[in-house]
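A.B. asks: Here it is, the structure in full.
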Ligand code: 13P
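In this note's numbering, the protein residues as written are 605 to 948.
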């Protein structure tokens, strides 16, 4: 790899986890965005999806707290009402455009209840096109469930292998890979189970990244926090989540990785912010600890919009507010009292 490209990758990775900033995940697949729109009674048409994403991307001041935005294949080809292509609009506003490139989690052969993420065939060509369209980073998500006897080591290693193949190809194309092994928070498992599975998954992932010659400096990790399953009788508090998550990451993620960005995974907006804040209060850490939230950044905006274009301003205020709170959580300076106060 040319030295210049290597430098570019590192610079992009660092910019994505710049002080006080994190990533907006707006890369919902057709199926997922339909689910989100169903929740507000809005039909998932191409125009509605475009209008909703335009609302988010054009929020005044969002770039103070949002370093980059992950787009979906349809979205990276769309444009704002004034015809400016979304990637160009984002770059002009100081937010780096990124793209989800996996093709989703599919049943893993011979492993009941487990999946492997697909999308490697033709990936080199797709990456070249996304770079041309303006993307500077990529994302690939693997999905790991905790359950009776699950996950299997087979599932973890197969997904780790695919994540590393994706990461190597991305770096070859000059794109910073965000590797995302998501250990689902659904289920009745304890926080200790979440720790054990996340620990093992990350160990497998960094073994594969090493073996497949991925430059850790030019990559980011997107992962789940270590938490109690949603249906567990006993729910770990914010301090326990922060401490166990940090311990797990310190054991598995090389210090050369510039940043770790969390997914929200269905946590409440407040939990997602408070837990990130608690972790950053315990810093400094070897890597930046930041966010790459989908739902936890968008939920109040989606609700405020409700498909009504006369509510755009209200929705943008709601989005700005969550972005600001999470921006503060980057330095541990958020306080839960803000949730009930008139902070804009
Ligand atoms: P959530 O924050 O809604 O989990 O989405 C983040 C994401 O991009 C999952 O791949």
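A virtual CB, placed ideally from N, CA and C, is assigned to each residue, including glycine.
Owing to the predicted nature of the structure, the values given are computational and were not obtained by experimental measurement.
Since I believe residue 722 is in contact with residue 764 (beta carbons under 8 Å), could you give me their beta-carbon distance rounded to a whole number of angstroms?
C.D. replies: Not really, about 15 Å apart at Cβ, beyond 8 Å.
A.B. asks: Give the single residue among 847, 893, 937, 911 whose Cα lies nearest to the Cα of residue 825.
C.D. replies: 893
A.B. asks: Just to confirm before moving on: does the CB-CB distance between residue 674 and residue 642 stay below 8 Å?
C.D. replies: no
A.B. asks: Could you work out which residue in 657, 850, 617 is closest to residue 911 when comparing CA atoms only?
C.D. replies: 657
A.B. asks: With distance defined between alpha-carbon atoms, name the residue in 814, 827, 808, 777 nearest to residue 789.
C.D. replies: It is 827.
A.B. asks: Does DSSP classify residue 904 as helix, strand or coil?
C.D. replies: helix
A.B. asks: For residue 693, which of 890, 679, 706 has the nearest alpha-carbon?
C.D. replies: 679
A.B. asks: Count the other CB atoms, across all protein chains shown, that sit within 10 Å of the CB of residue 625; report buried if there are 16 or more and exposed otherwise.
C.D. replies: buried
A.B. asks: Under three-state DSSP, which class holds residue 991?
C.D. replies: As displayed, the chain neither begins before 605 nor continues past 948, which places residue 991 out of reach and without an answer.
A.B. asks: Expressed to the nearest angstrom, what Euclidean distance is found between the alpha-carbon atoms of residue 916 and residue 909?
C.D. replies: 6 Å
A.B. asks: Give a yes or no on contact between the segment 814-823 and the segment 764-777, applying the rule of three or more CB pairs nearer than 8 Å.
C.D. replies: yes
A.B. asks: From what residue to what residue does the beta strand (DSSP E) around residue 742 run?
C.D. replies: 741-748
A.B. asks: Here's a check: name, in chain order, each residue in its chain whose Cβ is nearer than 8 Å to the Cβ of residue 935, leaving out the five neighbours to either side.
C.D. replies: So the list reads 623, 624, 884, once near-sequence residues are dropped.
A.B. asks: Could you check the C-alpha separation between residue 849 and residue 886 for me, to the nearest Å?
C.D. replies: 11 Å
A.B. asks: To which residues does DSSP link residue 701 through a beta bridge?
C.D. replies: 673
A.B. asks: Would you mind reading off the limits of the beta strand (DSSP E) that contains residue 826?
C.D. replies: 824-827
A.B. asks: Tell me whether residue 843 is buried or exposed, calling it buried when 16 or more other Cβ atoms sit within 10 Å of its Cβ.
C.D. replies: exposed
A.B. asks: Quick one: residues in its chain with C-beta nearer than 6 Å to the C-beta of residue 709, no 5 flanking neighbours on either side, listed in chain order?
C.D. replies: 719, 721, 747
A.B. asks: By alpha-carbon positions, which one of 659, 714, 668, 930 ends up nearest to residue 690?
C.D. replies: Across the set 659, 714, 668, 930, the C-alpha of 659 shows the shortest separation from the C-alpha of residue 690.
A.B. asks: Which of the three DSSP states is assigned to residue 910 in this structure?
C.D. replies: Residue state, collapsed to three classes: coil.
A.B. asks: Going by CA-CA distance only, name the one from 914, 775, 769 that's closest to residue 725.
C.D. replies: Of the residues 914, 775, 769, the one whose Cα lies closest to the Cα of residue 725 is 769.
A.B. asks: For the ligand 13P, which residues have a Cβ under 5 Å from at least one heavy atom, in chain order?
C.D. replies: 629, 745, 867, 868, 869, 897, 898, 899
A.B. asks: Hey, could you find the ends of the beta strand (DSSP E) residue 785 is sitting in?
C.D. replies: 780-787
A.B. asks: Look at the Cβ atom of residue 728, then the Cβ atom of residue 780, and state whether they are nearer than 8 Å.
C.D. replies: no
A.B. asks: Is residue 784 near residue 745, with beta carbons less than 8 Å apart?
C.D. replies: yes
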